[in-house]
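Just add 1 to wherever you are in the sequence shown, counting from 1, and you've got the numbering used here.
Comments concern the structure below.
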Amino acid sequence: RAADSFDRMSDLARIQVPALILAGTNDALTPVKYAEFMAAGIADQELHLIEGAGHMFVTERPGEVAKWIEAWLRNL
């Protein structure tokens, strides 16, 4: 898998703005572990896993995605 050999973890610490990380728990292309890696590397982040959603979670669960984005924006 190409994603397994692509390591940019050290670059994540350079992100100095708030970040919202969303991921589907059933994403076969980009497993949850990658979202968790991102969350571990970004100081000011919020991670939400969308239960049962896959790689296209934005189209699978638009209402839930909108809810997380709206809540995150309100708290900026």
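All C-beta atoms, glycine included, are put in the ideal place defined by N, C-alpha and C.
These numbers were taken from a predicted model, which means no experiment stands behind them.
Margin query: Can you tell me where the alpha helix (DSSP H) holding L74 begins and where it ends?
Written below: Note, L74: alpha helix (DSSP H), P63 to R75.
Item checked: N27 beta carbon less than 8 Å from that of A44 -> Cβ distance not < 8 Å, so A44 and N27 don't count as in contact.
Margin query: Check this for me: beta carbons of T31 and H49, under 8 Å apart or not?
Written below: Not closer than 8 Å, so no.
Notebook entry, point to check: Which one of D12, S11, P19 and R15 has the shortest CA to CA distance from W73?
Noted result: Closest by C-alpha distance to W73, out of D12, S11, P19 and R15, is P19.
Next item on the list: Thinking I22 and A40 are a contact (beta carbons under 8 Å), I'd like their distance in whole angstroms, please.
Entry: That pair is a contact at about 6 Å.
Check: Can you name, in chain order, every residue of its own chain whose Cβ lies under 7 Å from the Cβ of R62, other than the five neighbours on each side?
Finding: Excluding the 5 residues flanking it on each side, R62 has same chain C-beta neighbours closer than 7 Å at I51 and A54, in chain order.
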